[in-house]
Structures are given as C-alpha cells and as structure tokens.
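Novice: Shown below is the structure under consideration.
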Amino acid sequence: MLKAFFSIILSLFLVSADAQKSKAKPKIRVSVWEFFDVRTFPDENIFINPREIPNGKDDDKNGFVDDVYGIGFDYQEQPTLHEYTPIYDSAGKTLSRYFHGTAVAGIVLRNNPDVELVGVGFLKYVDRPKEAEWLENIKKRLLGSPEADVALLDKAFRTSVAYFKAHNVKVVNISWGARTDFFKKFLTELGIYSEENFEKMKKWMKLFHDSLYKVFKENPDIFFVIGAGNENSDIDAIFSVPAVIDLPNTIVVGGLDKTSTQKASFSNYGKNVKVYATAVYDQLQVSPMHVLPNAEGTSFAAPVVTAYVARELANGKNFKQIKNELIAKKHIVSK
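With the first letter of the sequence shown counted as 1, position 35 gets the number 35 in the UniProt record's numbering; the numbers rise by one all the way through.
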C-alpha cells in the first residue's frame, strides 16, 4: 500500500514537472510573410485571433474587420484579410495565389512542429486584376512616382510588423524580394525601356531598400529570415532587396543542392549570405489534395532556417547566439 502511495505521488510529480516544462516552452509564433492556406495545417499550428469572431465587426478594435486568421494586402497594398479559404477554385486561381506561401509554411512545420503560424499575406502572391490592367497599374505606379508607390509599400510594411508585434510574432520568413536587373528586363519586355525610366526604377529600388531597412532596424525584437534569391549572382552586384540588408536581427539564406552538401547552381551568394539550407525537394505539400513536384529555390531554403531560429528561441537562446550558431554551422539540412 505504501509503495503504491509513493508511486502515485511520484507519478503526480512527474506529470507536474512535464506540465511545467511544457508551460515553460510555449509555441513560438512565426509568420510566413505571404498568403498561405490555413486549412492545410493542424489547428494547433495556426494562429486564431481569440479576440475576433467572423461577424462583420472589428471586435478587437485593431482596425481590421474579422481578422480571425490574420491580415493581408491586395495588389494595390490596400488592407485585406488572410481568409480561411479553399486553396483552389474551378479556374485554379486560388491555388496560384496560395501555393507558394503554403509550401513555405509547410517546410517550417516539417522542420519544427512546435510553432504557431500567424497569417500576414503580402506582395506578389495575391489576387490580381486582368493582366493588361495589372501591367498598366504597375507602369503608372512605378514610373509615375517612385516616392508615392514606396510610401504605399512602407505603410503596408509597418502595418504588417505592427500586427506581428501585437500578436507576439518572434520570427518572420521572407521568401520574396526585388532586384534591379529584373526591372531592366521588365521595362524591355513592355517596350518602354529608356535610361530615364530605368533611373526611376533604380530610385524605386533604393526607396524600397530604405523602407525595409528602417522597418527591420526599428523592430529588433523580431528576427527576419530572408531568402537570397535564385539568379546565381552576387546579391550586392544585382542589388537584391531585402537580401542586401544586414542587421543583428536579419539573416540571409542561400540554397543547397539536392544532396544538401553544396550550393545549388541557382542560388545567389555574397558576403551577406551567412548560411545555406536545403533548397531542392522532390515534392512539397501545398494543400490537403495538392503536391508541388520538383520544387526548388531559396524560397524553400529560408523556412528551414526560420524553423531552426524558432526552435532555438524556445530553448532560451537570444538572436545573437542563434545567428552566430547558424553562421558557424554554414549548412542547415531540412528534415
């Protein structure tokens, strides 16, 4: 009887210890800064705003109506929602909108199931109007006034990061960017290339860089993990933004080949590319019923490192320690 009593006491102690351990290591909140399909992942890995219900009202008074699953921005950088939406429709449009972010989010969870994903959709993987209308809008915005256009982006960046902070996001994955040579090609293909227009594009790039640099620097309590890009180029030579940004709370990730032993042929490189991670996959899950075959790119290397950062934060390490670890390791292999 006495032995049984002590066994019960011991088991209760162990359960209590496990509970304390679990309590001491809550899920780290991570954002994949683009749209992804929340239905693809377990509920315990998806942030649901506890102060908001889908009733057409701004219940938590944060300026967003029904932001149950997060927020986003449309192609004109106007606020929208991160919906609980089927990943595809009969035309396949929703699938194209969500597949990239969903694949990125899946890699985060594949490498660290102990995180909670916060939805803040942004940039090019969003619904667009008809192609001709979209191109005309881009021409007007970028060539009309680079300052006015980047002011819209800057507001969207700051609104996004304010949302991150309000919901205690610690790590943000950025698998997107822009580079100067892209705009040269863009203008040429549209038949509107001129030195004057290209100078406007370069001005836009500088303003774009400065906006993101300030946002990152002003938020040292958030760690930004950035994909290096896929042009097999030096990021400084092509002025790839945000990959050229180097701050204590940023790290730029290059891509490893299929063997995860050396740089992938497509991966960008440079003095600011501090670590390389798996960037080539046989397949990636992008919805409960859709698989992306033969996926490759530094978009898919960055989330491997994002998962690593979140795990080490949960283990009590700070940004400086984690960044130094990553630089020392050089290569991070995906699970």
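Ideal Cβ placement from N, Cα and C applies to all residues, glycine included.
Spatial neighbours of V161 within its chain, please: C-beta separation below 6 Å, excluding the five flanking residues on both sides.
Specialist: The residue you call residue 161 lines up with position 161 of the sequence shown. Result list for V161: V215, N219, in chain order.
Novice: Taking all protein chains shown into account, decide if residue 343 is buried (16 or more other Cβ within 10 angstroms of its Cβ) or exposed.
Specialist: Because the chain is modelled from 1 through 335, residue 343 falls outside the range shown and cannot be assessed.
Novice: Three Cβ pairs or more, each shorter than 8 Å: is that satisfied between the stretch 62–71 and the stretch 140–147?
Specialist: Below 8 Å, too few C-beta pairs join the stretch 62–71 and the stretch 140–147 to call them touching: fewer than three.
Novice: Apart from the five residues just before and just after K124, which ones in its own chain have a Cβ nearer than 6 Å to its Cβ?
Specialist: Taking the first residue of the sequence shown as 1, we reach residue 124 at position 124. Note on K124: pLDDT 42, under 50, position unreliable in the model; no value is reported.
Novice: For K155, report the span of its alpha helix (DSSP H) as first-last.
Specialist: Taking the first residue of the sequence shown as position 1, residue 155 is located at position 155. Boundaries of the alpha helix (DSSP H) harbouring K155: 146–166, taken from the DSSP string.
Novice: Could you have a look at N49 and say whether DSSP puts it in helix, strand or coil?
Specialist: The residue given as residue 49 occupies position 49 in the sequence shown. Correct three-state label for N49: coil.
Novice: Between the C-alpha atoms of D221 and N249, what's the straight-line distance to the nearest angstrom?
Specialist: Start at 1 with the first residue of the sequence shown, and residue 221 comes out as number 221. Start at 1 with the first residue of the sequence shown, and residue 249 comes out as number 249. Roughly 8 Å separates the two Cα atoms.
Novice: Within 10 Å of its beta-carbon, does D37 have 16 or more other beta-carbons around it, so buried, or fewer, so exposed?
Specialist: The residue labelled residue 37 in the question sits at position 37 within the sequence shown. D37 should be labelled buried.
Novice: I'd like to confirm the pairing. Which residues does DSSP put opposite H331 in its beta bridges?
Specialist: By 1-based counting over the sequence shown, the position of residue 331 is 331. In the DSSP output, where bridge partners are listed per residue, H331 has Y276.
Novice: Across the stretch 224–243 and the stretch 283–292, are there enough close Cβ pairs to call them in contact, namely three or more that are closer than 8 Å?
Specialist: Look at the beta carbons and you see the stretch 224–243 not touching the stretch 283–292: under three pairs across the two are nearer than 8 Å.
Novice: Looking only at its chain, what residues have a beta carbon closer than 7 Å to the beta carbon of P54, apart from the 5 residues adjacent to it on each side?
Specialist: Working through the sequence shown from its first residue, we reach residue 54 at position 54. For P54, where only same-chain residues beyond five positions count, the Cβ hits under 7 Å are D66, V68.
Novice: Could you spell out where the alpha helix (DSSP H) holding P42 opens and where it closes?
Specialist: Stepping through the sequence shown from its first residue, residue 42 is reached at position 42. That residue, P42, is in no alpha helix (DSSP H); it is neither H nor E in DSSP.
Novice: Looking at A302: is its Cβ nearer than 8 Å to the Cβ of S175?
Specialist: Within the sequence shown, the letter at position 302 stands for residue 302. Within the sequence shown, the letter at position 175 stands for residue 175. Remark: C-beta atoms of A302 and S175 approach each other more closely than 8 Å.
Novice: Going by DSSP, what residues sit across from Q285 in a beta bridge?
Specialist: Reading the sequence shown from its first residue, position 285 is the one you call residue 285. In the DSSP output, where bridge partners are listed per residue, Q285 has V291.
Novice: Once you ignore the five residues that flank F99 on each side, which residues in its own chain have a CB closer than 6 Å to its CB?
Specialist: Mapped onto the sequence shown, residue 99 falls at position 99. Cβ within range, chain order: V286.
Novice: Could you tell me how far apart the beta carbons of F64 and H167 are, in whole angstroms, since I believe they sit closer than 8 Å?
Specialist: In the sequence shown, the residue the question calls residue 64 occupies position 64. In the sequence shown, the residue the question calls residue 167 occupies position 167. Wrong, their Cβ atoms sit about 12 Å apart, outside the cutoff.
Novice: Measuring only the C-alpha atoms, how far is N49 from P26?
Specialist: Position 49 of the sequence shown, counted from the start, is the residue given in the question as residue 49. Position 26 of the sequence shown, counted from the start, is the residue given in the question as residue 26. Between N49 and P26, the C-alpha separation is close to 17 Å.
Novice: Measure the beta-carbon distance from D43 to R51 and round it to whole angstroms, keeping in mind my assumption that it falls under 8 Å.
Specialist: As a first step, residue 43 is located in the sequence shown; it is residue number 43 there, counting from the start. As a first step, residue 51 is located in the sequence shown; it is residue number 51 there, counting from the start. Not quite, the Cβ-Cβ distance comes to about 17 Å (not below 8 Å), so this is no contact.
Novice: So, helix, strand or coil for R29, using DSSP?
Specialist: Residue numbering aside, residue 29 sits at position 29 when the sequence shown is read from its first letter. Three-state result, R29: strand.
Novice: Would you kindly check if the distance between the Cβ of I322 and the Cβ of V275 is under 8 Å?
Specialist: Within the sequence shown, residue 275 is the residue found at index 275, counting from 1. Within the sequence shown, residue 322 is the residue found at index 322, counting from 1. No, the pair does not count as a contact, with Cβ atoms beyond the cut-off.
Novice: Could you check how far apart the C-beta atoms of T298 and N268 are, in whole angstroms? I think they sit under 8 Å.
Specialist: If you number the sequence shown from 1, residue 298 lands on position 298. If you number the sequence shown from 1, residue 268 lands on position 268. Sure, about 7 Å apart at Cβ, within 8 Å.
Novice: In this structure, what does DSSP give as the bridge partners for G70?
Specialist: Walking along the sequence shown from the start, residue 70 turns up at place 70. Answer by DSSP bridge pairing, in chain order: G119.
Novice: Using DSSP's beta-bridge definition, name the partner residues of N304.
Specialist: In the sequence shown, counting from the first residue as 1, residue 304 sits at position 304. For the record, residue 304 in the displayed sequence is Val; it is not Asn. According to DSSP, V304 bridges with nothing at all.
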